[in-house]
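Residue numbers (the numbering used here): 109 to 210.
Below: one structure, written as structure tokens.
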């Protein structure tokens, strides 16, 4: 989560260089990436920013702490869940067919 928030701050800090509209930053992820998206969308601004000092984590100073880690939108991909539900439906249909034939 700390890295995900730092990456959003990096994008904001370098928005002019990369021609990024910071009002439209979106995070998309599936599986473990979905956890990062949910974290970006639900954590407070100072989470993962103030719990460690620069002495404890020297890399913190290079993560553009003055920038916001907020995202405009988050998209969680749930294809795996959809496939599992389809598989379950198929198994249930097969069981029903077996019951009808027997």
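In this text, a Cβ means the ideal position worked out from N, Cα and C, and glycines have one as well.
Please identify the residue among 120, 114 and 181 whose C-alpha is closest to the C-alpha of residue 142. 181
Are at least three pairs of beta-carbons, each pair with one atom in the stretch 189–200 and one in the stretch 134–152, less than 8 Å apart? no
Count Cβ pairs between the stretch 153–162 and the stretch 123–133 that sit closer than 8 Å; are there 3 or more? no
When burial is assigned at 16 or more other CB atoms within 10 Å of the CB, is residue 208 buried or exposed? exposed
Is it true that the CB of residue 183 sits closer than 7 Å to the CB of residue 136? yes
Measure the CB-CB distance between residue 175 and residue 110 and report whether it falls below 7 Å. no
Can you give me the C-alpha to C-alpha distance between residue 171 and residue 186, rounded to a whole angstrom? 30 Å
If contacts are defined as beta-carbon pairs under 8 Å, then residue 153 and residue 178 qualify, I think. What distance do you get, rounded to the angstrom? 7 Å
If you scan the stretch 147–201 from start to end, which runs of the beta strand (DSSP E) of 3 or more residues do you find wholly inside it? 181–185
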